[in-house]
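The number in this note's numbering is simply the position in the sequence shown, starting from 1, with 126 added.
Note that the Cβ used here is the ideal one computed from N, Cα and C, for glycine as well.
If you're wondering where the values come from, they're calculated on a predicted model, not measured in any experiment.
Please read the structure below before turning to the comments.
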Amino acid sequence: MERPDLFVPSSYLPILIMLVVALVFGLGGLIFGALVRPKYYYSVKLIPYECGNEPSGLPWQKITIRYFPIAILFAVFDVEVGLLYAWCYGFSGLKTTGFLSMLYFLLIILVGLFYDLKKGLLDWQRNL
Numbered sequence: 127m128e129r130p131d132l133f134v135p136s137s138y139l140p141i142l143i144m145l146v147v148a149l150v151f152g153l154g155g156l157i158f159g160a161l162v163r164p165k166y167y168y169s170v171k172l173i174p175y176e177c178g179n180e181p182s183g184l185p186w187q188k189i190t191i192r193y194f195p196i197a198i199l200f201a202v203f204d205v206e207v208g209l210l211y212a213w214c215y216g217f218s219g220l221k222t223t224g225f226l227s228m229l230y231f232l233l234i235i236l237v238g239l240f241y242d243l244k245k246g247l248l249d250w251q252r253n254l
């Protein structure tokens with residue numbers, strides 16, 4: 127029984143080379159770091175550093191929930207900017223339908239922004 131030869135198209139060869147190089151650099155960095163880092167840890171070096179001052183309070187404090195909606199809002203507008211860049215790049219071939227669909231998309235995003243403003247999401251003086 128003959129085994130068929132392994133066929134790798136030449137167009138996939140650069141991708142394979144980049145994958146191997148990325149793995150070598152990634153694993154090489156991890157292995158090198160494991161070899162050169164100190165094996166013994168000092169308790170003084172494990173405490174949190176507060177700009178040269180003595181630490182005050184607990185080192186592991188909870189982050190308020192106030193930052194979560196801001197992070198979500200940032201992610202939404204970050205995706206919006208990415209879509210706007212892609213839309214601007216291909217604007218010449220989109221004609222009226224592409225323009226109207228982007229206006230509809232921007233309208234939905236603006237309605238969400240005004241809703242967030244009405245709810246006081248961006249009001250830093252208000253307590254949640």
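Among residues of its own chain, excluding the 5 on either side of Leu-247, which ones have a beta-carbon nearer than 8 Å to its beta-carbon?
Here residue 247 is taken as the residue at index 121 of the sequence shown, counted from 1. Answer for Leu-247: Pro-195, Ile-196 and Leu-199, listed in chain order.
Could you pull out every unbroken beta strand (DSSP E) segment of at least 3 residues lying fully inside the region 133 to 221, listed in chain order?
Complete beta strand (DSSP E) runs here, min 3: none at all.
Are the region 228 to 245 and the region 198 to 213 touching by the rule of at least three beta carbon pairs closer than 8 Å?
Three or more beta-carbon pairs separated by less than 8 Å link the region 228 to 245 to the region 198 to 213, which places the two stretches in contact.
Compare the C-alpha of Cys-214 against each of Ala-160, Leu-184 and Leu-229 and name the closest.
Along the sequence shown, one-based indexing puts residue 214 at 88. Looking only at Ala-160, Leu-184 and Leu-229, the smallest Cα-Cα distance to Cys-214 is reached by Leu-229.
Which of helix, strand or coil does DSSP assign to Gly-303?
In the structure displayed, the chain extends from 127 to 254; residue 303 sits before or after that span and is not available.
Suppose the cutoff is 6 Å on Cβ atoms and the five residues either side in sequence are ignored; what does the same chain contact list for Ile-191 look like?
Here residue 191 is taken as the residue at index 65 of the sequence shown, counted from 1. Closer than 6 Å at Cβ, skipping near neighbours: no residue.
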